[in-house]
Amino acid sequence: MHSKLPTPLDFSTPNSPSTDSSPSDSPSKPILPLDQRIAYVEHELAGQSPISSAFDPPRKSKIGLLANIRKNRYVLNCALFASLGGILFGYDQGVISIILVIPPFTSRFPRIDPTLGSHTASFWKGFLTVAIEFGAILGVALAGFTADKYGRKHAIRIGVTFFILGSIIQTAAHDYAMLVIGRFLGGIGIGTLSMTAPMYMCEISPPDIRGALLCLEEFNIVAGIVIAFYITYGTRFIVTELSWRLPFGLQILPALVILFGLYQLPASPRWLANQGRYEESLIVISTLRQLPVDDCTVRKEWMDMRVEAEYQREIQKSRYQNLASKHAPSHMSGDNERYAESIEPAQVSSVWMDIRFEWMRWGDTFRHGCWRRTMVGAGLMFFQQFVGINALIYYSPTLFATLGLDFESRLTMSGIMNVCQLLGVSMSFLIMDKLGRRPLLLAGSVAMLACHAIVAILVGKYSGNWAEHQQAGWAGVTFIFIYMISFGLSWGPVPWAIPSEIFPSSLRAKGVAVSTMSNWINNLIIGLITPPLIERTNSGAFIFFAANSALSFVFVWFFVPETANRSLEDMDQIFGDSKGNVEEMKKRELYEQMMLNEQIRE
1 MHSKLPTPLD FSTPNSPSTD SSPSDSPSKP ILPLDQRIAY VEHELAGQSP ISSAFDPPRK
61 SKIGLLANIR KNRYVLNCAL FASLGGILFG YDQGVISIIL VIPPFTSRFP RIDPTLGSHT
121 ASFWKGFLTV AIEFGAILGV ALAGFTADKY GRKHAIRIGV TFFILGSIIQ TAAHDYAMLV
181 IGRFLGGIGI GTLSMTAPMY MCEISPPDIR GALLCLEEFN IVAGIVIAFY ITYGTRFIVT
241 ELSWRLPFGL QILPALVILF GLYQLPASPR WLANQGRYEE SLIVISTLRQ LPVDDCTVRK
301 EWMDMRVEAE YQREIQKSRY QNLASKHAPS HMSGDNERYA ESIEPAQVSS VWMDIRFEWM
361 RWGDTFRHGC WRRTMVGAGL MFFQQFVGIN ALIYYSPTLF ATLGLDFESR LTMSGIMNVC
421 QLLGVSMSFL IMDKLGRRPL LLAGSVAMLA CHAIVAILVG KYSGNWAEHQ QAGWAGVTFI
481 FIYMISFGLS WGPVPWAIPS EIFPSSLRAK GVAVSTMSNW INNLIIGLIT PPLIERTNSG
541 AFIFFAANSA LSFVFVWFFV PETANRSLED MDQIFGDSKG NVEEMKKREL YEQMMLNEQI
601 RE
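Those letters in the sequence shown? Residues 1 to 602, per full-length UniProt numbering, in order.
Structure, rendered in C-alpha cells:
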C-alpha cells in the first residue's frame with residue numbers, strides 16, 4: 001500500500017523533513033485519541049500493527065521477484081555497489097593459484113620453488129597462501145567494532161583502504177617478507193568487507209527481495225575468482241615479472257571505484273535507529289523505498305525499527321547499568337543523569353569502560369537469547385568450508401590430476417569449474433526468496449553428498465590406470481561440475497545471507513563478525529588439511545567432504561530455521577529466544593508510548 005496517511009494521522013514530528021511549512025501556514029489538525037490512532041494504523045496495514053509483524057506467520061509477496069526488484073530499483077543499485085566488495089574477495093582468492101606456478105614469480109621468490117631442492121618450499125608456499133586468512137580473521141574482529149561504532153559504510157571504507165594498501169605492497173614486492181605483509185594487510189581488508197557488505201545489504205533491503213540481493217555478494221565473489229583465474233591464465237605466458245605484478249595491480253582498480261563511490265550510498269537505517277538518530281533513519285527509509293516520508297509503509301517500517309532499537313536499548317540498560325549511561329545516545333539525556341549516579345570511582349576511566357562494554361557486547365552473542373543464532377551462523381560457515389568448496393578452488397589442478405587429466409586440461413577444467421559455480425549462484429538469485437533458505441540448503445547437501453561419493457568411488461576404483469578408463473575420469477569431472485552448480489545454488493550464497501538476518505540490531509555487527517570469523521578460521525583449516533589428504537589418499541579427500549555434506553544436512557534439518565520473507569525484527573519469534581507475551585507486551589508499550597509522544601508534540 002502506497003497511500004499516505006490522512007490528515008488526522010499525520011505523524012510528522014518537529015523538524016521532520018516532510019514538514020516544510022510553518023504552523024501558521026497549516027490548518028489545525030484534529031487529534032484522535034491514542035487507541036483510535038493505533039486502531040486506524042492497524043486497519044491501514046491490513047490488520048497488522050507496526051509491531052505485530054514480528055509474531056505473524058511468514059508472508060509471501062503478492063508480486064513476483066522481478067516486479068519487486070523493479071519496485072526497489074534504488075535498493076538494488078545500492079546493493080549492487082556494496083556487493084562489489086565480493087569481487088575483491090574472490091579476486092584475491094583466485095589470483096594466487098596460477099601465480100604460484102608462474103616461472104618469473106618463483107624466480108623472484110625462490111623460497112617457494114620446490115624445484116630448487118628446498119625441503120621447506122611447500123611450507124613457505126602454504127604460508128603465503130594462508131596469510132590472507134590470518135589477516136581476514138583480524139579484519140573481521142576489527143569490523144565487529146568499527147561497524148557498530150562508526151557505521152556500516154565507514155567500516156566498508158576502512159576495509160577497502162586496507163585492501164588497496166595490501167595490493168600496492170603485493171604489486172611492488174621485491175622479497176618474500178614484503179609479499180606476505182601485503183597479503184596479510186589485504187586480508188584485513190577482505191575480512192572487513194566479507195562481514196560488513198552483506199550486513200549493510202541486509203539492513204537496507206525489504207524482506208521480499210533480501211535473499212536475492214544477498215546472493216549478489218556470493219555472485220561477485222565467484223565472479224572475482226573467475227576474473228582472476230582467466231587474467232592469470234593469460235598473463236602466465238608473459239616472460240617478465242609483469243606476468244604476476246599485473247594481476248596483483250589490477251585488483252586496485254575496482255577497490256578505488258568502491259572507495260570513492262561509497263560517498264553516494266545512504267547509511268544503514270537500522271544502524272541510525274540503533275544510534276537514536278530516528279529522523280535521519282526516516283529520511284533514509286524514504287529514500288530507499290522511493291516513497292514520501294509520510295507514506296504508510298515507510299512509517300510502519302520506521303516504527304518497527306524504532307521499537308526494536310528501543311527494546312534492545314532497554315535490555316542493555318538493565319544489564320550494563322552505569323556502562324549503558326555512558327554509551328546511550330544523546331536523546332536519552334535524562335537516563336544518562338539517572339545512571340551516572342551509579343558509576344563507581346574505579347570506573348571513571350572512559351577507556352576502561354569502553355573496553356568493558358565492548359567485551360560484554362561480544363560475550364552477548366553467546367548468552368541466553370542469542371547463542372542459538374550464533375551457533376546457526378557459525379555452523380553454516382563451518383559447513384560451507386567443510387563441504388569442500390575452497391579445497392576445489394585452491395587445489396583444483398591437483399584434484400583434477402587424481403582423475404588422470406594432463407596439465408593443460410587441469411587448468412582448463414579449473415576455469416570451467418568456477419564458471420559452473422557462477423551459474424549456480426545466478427540460479428539462486430531467482431529462487432532463494434521463493435523457495436526459502438532451508439529447502440536450498442537441504443537439497444544442496446544431498447546433491448553434494450552424491451557428487452563427492454561418486455567421485456570417491458571412481459577415484460578409488462580407477463586411479464591406478466586412468467589411461468584405460470578415460471571415460472571414468474571425465475565422468476568424475478562432470479560430477480565435480482554438478483557439485484559446483486549445487487554449491488553455488490545453495491551453500492554458496494545462503495550461509496552469507498542468514499547470519500546477516502538473524503541477529504538483533506544491537507548485536508548484528510558482533511554476531512555477523514563471529515559467523516564470518518568461523519568462515520575464515522575454517523577456510524584456513526581446509527587450506528592446511530587438504531594437501532595431505534590428497535597426497536596420502538587417492539579418494540580420501542572426497543570421502544571426507546562427502547561425510548561433511550551428510551552432516552550439513554543433519555545440521556540444517558535440526559537447527560536452521562526458515563528466514564525467507566520475514567522482517568529482521570521477526571527473528572526473536574522465529575528462534576523462540578524471546579520471552580513470548582512478555583516481550584510482545586513490552587514492545588507494544590514502547591510503540592504506544594511513541595505514538596503518545598507524537599500526539600503530545602502535535
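Just so it is clear, CB atoms sit at the ideal spot from N, CA and C, and this is done for glycine as well. None of these values were measured; they are calculated from a predicted model.
Here the segment 225-235 makes no contact with the segment 512-528; the two share fewer than three CB pairs at distances below 8 Å. For Gly-261, same chain residues with a beta-carbon under 7 Å away, outside a window of 5 residues either side, are Phe-81 in chain order. In the three-state reduction of the DSSP assignment, Asp-295 falls in the strand class, which pools E and B. Our two residues, Cys-451 and Tyr-483, have alpha carbons roughly 6 Å apart in a direct line.
Distance from the CA atom of Gly-444 to the CA atom of Trp-491, rounded to whole angstroms, is 7 Å. Assignment of Thr-120 by DSSP, reduced to helix, strand and coil, places it in the coil class. Contact check for Val-140 and Ile-258: beta-carbon distance about 18 Å, past the 8 Å limit, so the pair fails to qualify. With fewer than 16 other beta carbons inside 10 angstroms of its own, Ser-107 counts as exposed. The beta carbon of Arg-361 lies closer than 6 Å to those of Lys-510 in the same chain, with the five residues before and after it left out. Scanning its chain for C-beta atoms nearer than 7 Å, with the 5 sequence neighbours on each side dropped, one finds around Ile-521 the residues Ile-137, in chain order.
Distance from the CA atom of Phe-558 to the CA atom of Leu-440, rounded to whole angstroms, is 15 Å. Taking C-alpha positions only, Phe-555 is separated from Tyr-311 by approximately 31 Å. The beta carbon of Ser-428 sits closer than 6 Å to those of Cys-215, Leu-489 and Pro-493, all from its chain and outside the five residues before and after it, given in chain order. Within its own chain, the residues whose Cβ lies closer than 7 Å to the Cβ of Gln-385, once the five positions on either side in sequence are excluded, are Asn-519, Asn-522, Asn-523 and Ile-526, listed in chain order. Counting C-beta atoms within 10 angstroms of its own C-beta, Arg-367 has fewer than 16 neighbours from the protein chains shown and is therefore classed as exposed. Using a 10 angstroms sphere on the CB of Ser-205, the tally of other CB atoms reaches 16 or more, which defines it as buried. Across the structure, Ile-96 and Glu-241 are spaced so that their CA atoms are roughly 15 Å apart. With contact defined as three or more Cβ pairs closer than 8 Å, the segment 413-431 and the segment 217-226 are in contact. Three or more beta-carbon pairs drawn from the segment 279-291 and the segment 68-85 are found closer than 8 Å, and the two stretches are therefore classed as touching.
Excluding sequence positions up to five before and after Pro-504, its CB lies within less than 6 Å of the CB of Gln-312, all in the same chain and listed in chain order. Per DSSP, the unbroken alpha helix (DSSP H) holding Tyr-483 starts and ends at 470-489. Within the segment 509-588, complete alpha helix (DSSP H) segments of at least 4 residues are found at 540-559 and 571-575, given in chain order. Where Ala-453 is concerned, the enclosing alpha helix (DSSP H) starts and stops at 437-462.
By the CB criterion at 8 Å, Thr-235 and Pro-254 fall outside the cutoff. Of all C-beta pairs linking the segment 267-277 to the segment 176-190, fewer than three are shorter than 8 Å, placing the two stretches out of contact.
Exposure of Trp-359 is indicated by the presence of fewer than 16 other C-beta atoms within 10 angstroms of its C-beta. Distance from the CA atom of Glu-280 to the CA atom of Arg-157, rounded to whole angstroms, is 21 Å. Here Ser-205 carries a coil assignment [DSSP, helix/strand/coil].
Here DSSP, grouped into helix, strand and coil, assigns Pro-254 to helix.
In the displayed model, Pro-247 falls within a helix according to three-state DSSP.
Under the three-state reduction of DSSP output, Gly-492 falls in the coil class, being neither helix nor strand. The criterion of a C-beta distance shorter than 8 Å is not satisfied by Val-446 and Phe-545.
About 5 Å separates the beta carbon of Cys-420 from that of Phe-481, a gap short enough to meet the 8 Å contact definition. Between the segment 454-473 and the segment 183-194 there are fewer than three inter-stretch CB-CB distances shorter than 8 Å, so the stretches are not counted as touching. By the Cβ neighbour-count rule, Ile-416 is exposed, with fewer than 16 other Cβ atoms within 10 Å of its own.
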